[in-house]
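Asks:
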Amino acid sequence: MSPSSPSSTPTGLFVSFEGIDGAGKSTHIAHLAEAFQAQGRVVTQTREPGGTPLAEKLRAMVLGDAMDPLTESLLVFAARRDHLITVIEPALARGEAVLCDRFTDATFAYQGGGRGFDLAVLTTLEQWVQATPALQGQALRQPDLTVWFDLAPEIAAARLADARAPDRFESQPVAFFQAVVAGYAARATAQPERFAKINADQPREQVWQDLHDHFVQRGWLNKST
Ligand code: TYD
144 MSPSSPSSTP TGLFVSFEGI DGAGKSTHIA HLAEAFQAQG RVVTQTREPG GTPLAEKLRA
204 MVLGDAMDPL TESLLVFAAR RDHLITVIEP ALARGEAVLC DRFTDATFAY QGGGRGFDLA
264 VLTTLEQWVQ ATPALQGQAL RQPDLTVWFD LAPEIAAARL ADARAPDRFE SQPVAFFQAV
324 VAGYAARATA QPERFAKINA DQPREQVWQD LHDHFVQRGW LNKST
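Spelled out as C-alpha cells, the structure:
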C-alpha cells in the first residue's frame, strides 16, 4: 500500500511492538522499517513513552524518578496523548506505516500487571486518551496489529545482566516481569485478532523470519523483502 492518490482516503498502518525488557524488539523494528521502505512505503518509526519533545521529557521522569503508580500511569498516558495527537494521527492521515515501540498494552502490562495498579482506572484513561477527532467519536485509536515478543522473564533477566545501567523497570525482580507477562497475556486474550505473539526465545534470524512471515501473511509485505 503506497500513500494514496488525492482522490482516495489514505490508509495508514499502525503497528505497536511489545514485550518485557530484554525481549529484543528494537533491532527487529528497525529491520521492519527498512523492509517497508524498500517497498516504497513511508515509515514513521517512534516509541513510547516518548516520540515528541514533551513526551520524551515525561519519559525521562517515568524511567528515572520514583513515583507512585497513579502518577506513573498519568504520565505515560499524558505522553501518549501528546504523541498520538502530534505524531501518530498525522502520520496515519498521510497514509504512512507507523511502527511504535510500545503503546497502551505496555501500560496495562507494566502499571496494571507489574505495579498491580487498578485496571479500571487504566481503561478510563485509555478511553480518554485514545479518542481522537479522526475517529469521529466512534472507536478508540488502537494499533492495527500488536507484535508481542514473548520471552520468559528468567531468560530476559540473563540477557539484561550484561546491558547498560538499568532504569526503574529494568532493575525490577523476575516476579515483577512475570506479572508484566500476565498483563500482556490478558490483553492478548481479550483482543486476539489484534495480537501476533512471536517466540523471542530463538536465534535472532528465526525471530525475524517469523515476524516477516506474519507481515507477508497479512499482505503488508511482499515475500521478497
Ligand atoms: P523500552 O521501551 O524497553 O526502551 P529501551 O529499549 O530504551 O529500554 O523502555 C521503556 C520502559 O518503559 C520499559 O521498561 C517499559 C516502560 N513502560 C511502562 O512502564 N509503561 C508504558 O506505558 C510504557 C509505554 C513503557
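Heads up, the sequence shown is in my numbering, so the first residue is 144 and it goes up one at a time. Idealized CB from N, CA, C, for every residue including glycine.
#1: Are the beta-carbon atoms of residue 172 and residue 157 separated by less than 9 Å?
#2: Which of the three DSSP states, helix, strand or coil, is assigned to residue 186?
#3: Going by beta carbon distance, what residues of the same chain come within less than 7 Å of residue 313, once the five residues before and after it are set aside?
#4: Using a threshold of 8 Å, is the CB atom of residue 189 nearer than that to any non-hydrogen atom of the ligand TYD?
#5: With contact counted as at least three CB pairs below 8 Å, one residue from each stretch, are the region 180 to 200 and the region 209 to 217 in contact?
#6: Compute the Euclidean distance between the alpha carbons of residue 188 and residue 230, then round it to the nearest angstrom.
#7: Quick check: residue 310 and residue 213, are their CB atoms within less than 9 Å of each other?
#8: Looking at C-alpha atoms only, which residue of 273, 223, 329, 246 is the closest neighbour of residue 256?
#9: Check whether the Cβ atoms of residue 250 and residue 223 lie closer than 9 Å to each other.
#10: Provide the residue span of the beta strand (DSSP E) that contains residue 158, from first to last.
#11: In terms of residues, what are the limits of the beta strand (DSSP E) holding residue 291?
#12: Examine the ligand TYD and report whether any of its heavy atoms sits within less than 8 Å of the Cβ of residue 272.
#13: Using 8 Å as the Cβ pair cut-off and three pairs as the minimum, do the region 331 to 342 and the region 281 to 300 touch?
#14: Is it the case that the Cβ atoms of residue 166 and residue 343 are separated by a distance below 9 Å?
#15: Name the residue from 271, 307, 316, 179 whose alpha carbon lies nearest to the alpha carbon of residue 298.
#16: Who pairs with residue 341 in a beta bridge, going by DSSP?
#17: Grab me the residues of residue 258's own chain with a C-beta within less than 6 Å of its C-beta, minus the 5 sequence neighbours each way, in chain order.
Replies: Checking against the coordinates, here is how it stands:
#1: Mapped onto the sequence shown, residue 172 falls at position 29. Mapped onto the sequence shown, residue 157 falls at position 14. No, they are not a contact pair.
#2: Residue 186 sits at position 43 when you count from the first residue of the sequence shown. Strand at residue 186.
#3: In the sequence shown, residue 313 corresponds to position 170, counting from 1. Hits under 7 Å: 164, 303.
#4: In the sequence shown, the residue the question calls residue 189 occupies position 46. It does not: the Cβ of residue 189 is nowhere closer than 8 Å to a heavy atom of the ligand TYD.
#5: no
#6: The residue you call residue 188 lines up with position 45 of the sequence shown. The residue you call residue 230 lines up with position 87 of the sequence shown. If I take the Cα positions, the gap works out to 10 Å.
#7: Sequence index remark: in the sequence shown, residue 310 carries index 167 (1-based). Sequence index remark: in the sequence shown, residue 213 carries index 70 (1-based). For residue 310 and residue 213, no; Cβs fall outside 9 Å.
#8: Position 113 of the sequence shown, counted from the first residue, corresponds to residue 256. Comparing Cα-Cα distances from residue 256 to each of 273, 223, 329, 246, the minimum goes to 329.
#9: In the sequence shown, residue 250 corresponds to position 107, counting from 1. In the sequence shown, residue 223 corresponds to position 80, counting from 1. Yes.
#10: Taking the first residue of the sequence shown as position 1, residue 158 is located at position 15. Taken as a continuous stretch (DSSP letters only), the beta strand (DSSP E) holding residue 158 covers 156 to 161.
#11: One-based indexing of the sequence shown puts residue 291 at position 148. Segment 288 to 293, the beta strand (DSSP E) holding residue 291.
#12: Position 129 of the sequence shown, counted from the first residue, corresponds to residue 272. It does not: the Cβ of residue 272 is nowhere closer than 8 Å to a heavy atom of the ligand TYD.
#13: yes
#14: On the sequence shown, position 23 is the one that residue 166 refers to. On the sequence shown, position 200 is the one that residue 343 refers to. Taking 9 Å as the Cβ cut-off, residue 166 and residue 343 qualify as a contacting pair.
#15: For the purposes of this step, residue 298 is taken as residue 155 along the sequence shown, with counting starting at 1. Per the Cα distances, 316.
#16: Numbered from 1 along the sequence shown, position 198 holds the residue referred to as residue 341. Residue 341 pairs with 292.
#17: For the purposes of this step, residue 258 is taken as residue 115 along the sequence shown, with counting starting at 1. These residues qualify, in order along the chain: 212.
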